[in-house]
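Undergrad: Those letters in the sequence shown? Residues 319 to 889, per the working numbering, in order.
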Amino acid sequence: MTPFSTRKPLRAAALASTAVLAIILTGCSDSEDNFDISSQIGPDPVLPEPSQSLLPDLKVAPVVGWGEDETPTVAEGFTVTAYARDLSNPRTVHTLPNGDVLVVQSKAPPGKPVERPKDVIRGFIMSIASGGGGEAKPTNLITLLRDTDRDGTVDERHDLLKDLNSPFGLAFADDTLYVAAADAVLAYDYTLGQNEITMPPRVVTPLPGGPINHHWTKDLALSPDGRFLYASVGSNSNAGERGLEAEKGRAAIWQIDRESGASRVYASGLRNPNGLTFNPESGALWTVVNERDELGPNLVPDYMTSVKDRAFYGWPWSYYGQHVDPRLHPPRPDMVAQAIKPDYALSSHVAALGLTFSYGMGMPGPYANGAFVGNRGSWNRDHFNGYKVLFVPFENGKPSGPPQDIVTGFLNGEEEARGRPVGLGFDGTGALLVADDAGNTVWRVTADGATPPAEPLGTDQMPEGSPAATALQGAAPEAGAAGAADAPTPAADPAAPSPDAGATGAPDATAPAQDPAVAPTPAPPVDPGNGTLAPPSTTPSQTDVPATAPEGAVEDAQPTPSTDAAPPTQP
Numbered sequence: 319m320t321p322f323s324t325r326k327p328l329r330a331a332a333l334a335s336t337a338v339l340a341i342i343l344t345g346c347s348d349s350e351d352n353f354d355i356s357s358q359i360g361p362d363p364v365l366p367e368p369s370q371s372l373l374p375d376l377k378v379a380p381v382v383g384w385g386e387d388e389t390p391t392v393a394e395g396f397t398v399t400a401y402a403r404d405l406s407n408p409r410t411v412h413t414l415p416n417g418d419v420l421v422v423q424s425k426a427p428p429g430k431p432v433e434r435p436k437d438v439i440r441g442f443i444m445s446i447a448s449g450g451g452g453e454a455k456p457t458n459l460i461t462l463l464r465d466t467d468r469d470g471t472v473d474e475r476h477d478l479l480k481d482l483n484s485p486f487g488l489a490f491a492d493d494t495l496y497v498a499a500a501d502a503v504l505a506y507d508y509t510l511g512q513n514e515i516t517m518p519p520r521v522v523t524p525l526p527g528g529p530i531n532h533h534w535t536k537d538l539a540l541s542p543d544g545r546f547l548y549a550s551v552g553s554n555s556n557a558g559e560r561g562l563e564a565e566k567g568r569a570a571i572w573q574i575d576r577e578s579g580a581s582r583v584y585a586s587g588l589r590n591p592n593g594l595t596f597n598p599e600s601g602a603l604w605t606v607v608n609e610r611d612e613l614g615p616n617l618v619p620d621y622m623t624s625v626k627d628r629a630f631y632g633w634p635w636s637y638y639g640q641h642v643d644p645r646l647h648p649p650r651p652d653m654v655a656q657a658i659k660p661d662y663a664l665s666s667h668v669a670a671l672g673l674t675f676s677y678g679m680g681m682p683g684p685y686a687n688g689a690f691v692g693n694r695g696s697w698n699r700d701h702f703n704g705y706k707v708l709f710v711p712f713e714n715g716k717p718s719g720p721p722q723d724i725v726t727g728f729l730n731g732e733e734e735a736r737g738r739p740v741g742l743g744f745d746g747t748g749a750l751l752v753a754d755d756a757g758n759t760v761w762r763v764t765a766d767g768a769t770p771p772a773e774p775l776g777t778d779q780m781p782e783g784s785p786a787a788t789a790l791q792g793a794a795p796e797a798g799a800a801g802a803a804d805a806p807t808p809a810a811d812p813a814a815p816s817p818d819a820g821a822t823g824a825p826d827a828t829a830p831a832q833d834p835a836v837a838p839t840p841a842p843p844v845d846p847g848n849g850t851l852a853p854p855s856t857t858p859s860q861t862d863v864p865a866t867a868p869e870g871a872v873e874d875a876q877p878t879p880s881t882d883a884a885p886p887t888q889p
């Protein structure tokens with residue numbers, strides 16, 4: 319929370335900076351006054367012709383924070399209160415099976431190289447558009463919030479883990495807390511009810527990290543059967559301008575065997591996926607994706623989509639299916655032909671980062687089945703877009719109607735940012751939680767007529783009675799423990815590969831040819847036992863850490879030695 323006494327100088331400095339930028343950028347972009355952004359929401363968005371300029375469209379909302387009695391605005395029938403204040407860049411929220419809520423707080427890793435004048439401008443813009451003002455507090459930590467009597471008020475607050483490497487995503491299973499840091503998935507021994515973790519973690523698998531790490535947030539989801547982790551890895555560039563070598567293993571979602579650490583690219587061509595979560599109605603994995611910039615203020619729409627095994631979603635060669643990005647040379651029509659269209663556009667530059675499903679959470683009728691989406695907000699168009707949490711109704715596992723604004727008011731009347739919504743989740747009572755990384759607050763949103771669940775439901779659990787939970791219960795009882803090498807993939811996990819996938823090398827059973835995310839299998843990660851990666855002599859440089867291939871590495875739960883890895887199929 320930023321006190322009123324500090325808001326004036328913050329606002330003055332921010333406005334002076336943006337005024338300078340406005341002068342510099344005058345005349346650099348096309349007008350968007352007549353474009354209806356609602357035409358870009360839904361399964362078939364309007365896509366204008368690409369437009370390029372010397373500098374991208376920019377309009378920055380300087381962060382001023384929330385006043386003492388200020389809160390966001392909510393739709394009729396909802397109530398919002400502060401669940402936790404005085405945090406330090408809260409990015410995601412994760413509820414444990416006992417109802418404890420973990421809040422991941424983090425900032426980008428330092429040391430990103432500056433290669434173009436645009437990088438200098440972008441860095442300056444991000445410094446204005448981030449943070450909540452006031453005194454800087456330590457970040458890169460995970461804080462536990464405990465509501466002991468389930469009355470919607472936090473009774474205990476403990477810092478569970480500190481001094482992490484830009485954490486973002488979490489998962490919990492079998493007394494193990496999984497943390498997706500900027501360069502690896504880590505596993506910590508953890509018993510529900512603990513207030514602090516002191517033992518070092520083990521490295522489950524390294525992920526592409528520095529020194530560039532352009533999109534550093536790595537989200538995490540646990541498959542309904544508990545066998546696999548799914549990790550999102552964003553691209554190292556806007557549209558491939560750093561070369562494809564820097565994109566190995568990136569712009570992708572990885573599938574990781576939880577026991578062995580064996581991994582592979584599950585889906586690719588996703589520029590910056592986040593908000594990984596499973597739909598309790600269909601059992602499918604879903605994500606929200608931040609699309610590319612610098613093609614004009616109304617391109618390219620960010621989107622949410624179900625994630626299909628071995629699917630390619632276009633980046634960097636095409637967008638929203640097979641619309642060619644004219645900046646890519648040489649063109650790759652063979653890659654464009656493999657790109658599939660996502661499910662639901664959210665409009666351009668909203669910066670969607672949070673996603674959670676309401677199915678089985680006790681929400682009243684109109685909100686009982688759908689997705690809440692956290693749009694952090696634009697900085698690269700002439701008019702602001704995003705800065706809200708919206709609800710998209712679902713039916714039969716798919717979006718079924720237009721969105722509704724649920725939480726707004728993150729921009730004040732002077733177009734300053736009081737906050738910016740990022741990660742979403744539900745607390746142990748079924749109330750919606752919103753991580754506000756610029757306002758340093760987690761907001762709690764309740765709905766009139768909601769029916770709280772009798773017991774807390776963890777983020778990684780499927781609601782009792784949901785189709786995904788029912789399918790899981792109907793799986794063969796003789797199946798071994800999750801992660802066992804001889805255990806078949808349960809039918810209830812639609813995100814898992816089919817048993818014979820990749821065995822024949824058929825075109826529909828492999829990743830797209832020459833997809834930069836796909837590369838030969840690395841050796842198993844070396845774990846010194848203290849939560850750090852192995853020395854450079856035994857671990858590939860982070861820009862070269864790929865997801866494993868061939869596909870059988872995960873099904874067999876055994877990483878394939880790098881010397882025996884087959885090269886990707888050539889077109």
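Cβ coordinates follow ideal geometry from the N, Cα and C atoms, glycine included. The model shown is predicted, which means the values in this text are computed figures rather than measured ones.
1) Run the CB neighbour count on Pro-428, radius 10 Å, all protein chains shown included, and call it buried at 16 or more, exposed below.
2) With distance defined between alpha-carbon atoms, name the residue in Pro-366, Leu-790, Gly-746, Val-378 nearest to Gly-601.
3) How long is the line joining the alpha carbons of Met-679 and Pro-771, rounded to whole angstroms?
4) If the criterion is Cβ atoms closer than 8 angstroms, does the pair Tyr-637 and Lys-659 meet it?
5) If we ignore side chains and look at the alpha-carbon of each, how far apart do Gln-888 and Trp-534 end up?
6) In chain order, what residues of the same chain lie with their CB nearer than 6 angstroms to the CB of Pro-519, ignoring the 5 residues before and after it?
7) Counting only the same chain and skipping the five closest in sequence on each side, list residues whose C-beta sits under 7 angstroms from that of Phe-486.
8) Just curious, the beta strand (DSSP E) that Met-622 is in, first and last residue?
9) Using the DSSP secondary-structure output, state which residues sit across from Asp-575 in a beta bridge.
10) Buried or exposed, going by whether 16 or more other CB atoms sit within 10 Å of the CB of Met-780?
11) Looking only at its chain, what residues have a beta carbon closer than 6 angstroms to the beta carbon of Tyr-705, apart from the 5 residues adjacent to it on each side?
12) When the distance is taken between beta carbons, is Gly-672 closer than 8 angstroms to Gly-741?
13) Answer yes or no: do Tyr-685 and Phe-702 have a C-beta to C-beta separation smaller than 8 angstroms?
14) Who does His-533 pair with in a DSSP beta bridge?
15) With H, G and I counted as helix, E and B as strand and the rest as coil, what does DSSP make of Thr-788?
16) For Glu-474, which residues of its own chain have a beta-carbon under 8 angstroms away from its beta-carbon, when the five flanking residues on both sides are left out?
17) Would you give the residue range spanned by the alpha helix (DSSP H) that Pro-651 belongs to?
18) Compare the beta carbon distance of Ala-400 and Thr-759 with 8 angstroms and say whether it is the shorter of the two.
19) Does DSSP put Ile-658 in a helix, a strand or coil?
20) Mind checking which residues open and close the beta strand (DSSP E) that includes Pro-706?
21) Could you tell me which of Gly-737, Phe-744, Gly-731, Val-691 sits nearest to Asp-404, measuring between CA atoms?
22) Would the stretch 596–614 and the stretch 351–361 be scored as touching if the rule is three or more Cβ pairs under 8 angstroms?
23) On the DSSP letters alone, give me the boundaries of the beta strand (DSSP E) that Asp-477 sits inside.
24) Where does Leu-562 fall in DSSP's three states?
25) What does the Cβ neighbour count give for Asn-590, buried or exposed, with the cut at 16 atoms within 10 Å?
26) Looking only at its own chain, which residues have a Cβ that is under 7 angstroms from the Cβ of Val-618, when we skip the five neighbours before and after it?
27) So Ala-499 is in the beta strand (DSSP E); what residue range does that whole segment cover?
28) Check whether the Cβ atoms of Ala-657 and Gly-587 lie closer than 8 angstroms to each other.
29) Grouping DSSP H, G and I as helix and E and B as strand, with all else coil, what is Ser-581?
30) Return the CA-CA distance between Gly-792 and Pro-542, expressed in angstroms with no decimal places.
31) Whole angstroms is fine: what's the gap from Asn-788's alpha carbon to Phe-596's?
32) Using a threshold of 8 angstroms, state whether the C-beta atoms of Gly-567 and Ala-756 are closer than that.
33) Return helix, strand or coil for Pro-684, following the three-state DSSP convention.
34) Taking Cβ to Cβ, would you say Ile-574 is nearer than 8 angstroms to Ala-539?
35) What is the DSSP secondary structure of Gln-860, counted as helix, strand or coil?
36) Would the beta-carbon of Trp-635 fall within 8 angstroms of that of Asp-643?
TA: This is what the structure holds:
1) Exposure of Pro-428 is indicated by the presence of fewer than 16 other C-beta atoms within 10 angstroms of its C-beta.
2) Of the residues Pro-366, Leu-790, Gly-746, Val-378, the one whose Cα lies closest to the Cα of Gly-601 is Leu-790.
3) 7 angstroms
4) no
5) Model confidence at Gln-888 stands at a pLDDT of 33, short of 50, so the residue's coordinates are unreliable and nothing is read from them.
6) Correct list, in chain order: Leu-504, Ala-505, Tyr-506, Gly-849.
7) Arg-409, Thr-410, Val-422, Ser-424, Ala-498, Thr-535, Lys-536, Asp-537
8) Where Met-622 is concerned, the enclosing beta strand (DSSP E) stretches over 619–624.
9) DSSP, once it has assigned bridges, lists Phe-546 as partnering Asp-575.
10) Met-780 comes out buried.
11) Gly-695, Phe-728, Leu-729
12) yes
13) No, these two residues do not count as a Cβ contact at 8 angstroms.
14) Per DSSP, none; premise fails for His-533.
15) helix
16) For Glu-474, where only same-chain residues beyond five positions count, the Cβ hits under 8 angstroms are Leu-462, Leu-463, Arg-464, Thr-466, Asn-513.
17) 651–654
18) For Ala-400 and Thr-759, yes; Cβs fall inside 8 angstroms.
19) coil
20) In the sequence under discussion, the amino acid at residue 706 is Lys, which differs from the Pro named in the question. Run containing Lys-706: 706–713, per the beta strand (DSSP E) assignment.
21) The shortest Cα separation from Asp-404 among Gly-737, Phe-744, Gly-731, Val-691 belongs to Gly-737.
22) no
23) 474–479
24) Leu-562: helix per DSSP, three-state reduction.
25) buried
26) Counting only Cβ-Cβ distances below 7 angstroms, and skipping sequence neighbours, we find Glu-609, Arg-610, Tyr-637, Tyr-638, Ser-666.
27) No beta strand (DSSP E) contains Ala-499, which DSSP labels as neither H nor E.
28) yes
29) strand
30) Here the C-alpha atom of Gly-792 lies approximately 13 angstroms from the C-alpha atom of Pro-542.
31) In the sequence as presented, Asn is not what sits at residue 788; that position holds Thr. In a straight line, the C-alpha of Thr-788 is about 14 angstroms away from that of Phe-596.
32) no
33) helix
34) no
35) Because the pLDDT of Gln-860 is 34, which lies under 50, any placement of that residue in the model is unreliable, and the number read from its coordinates should be weighed accordingly. Three-state result, Gln-860: helix.
36) yes
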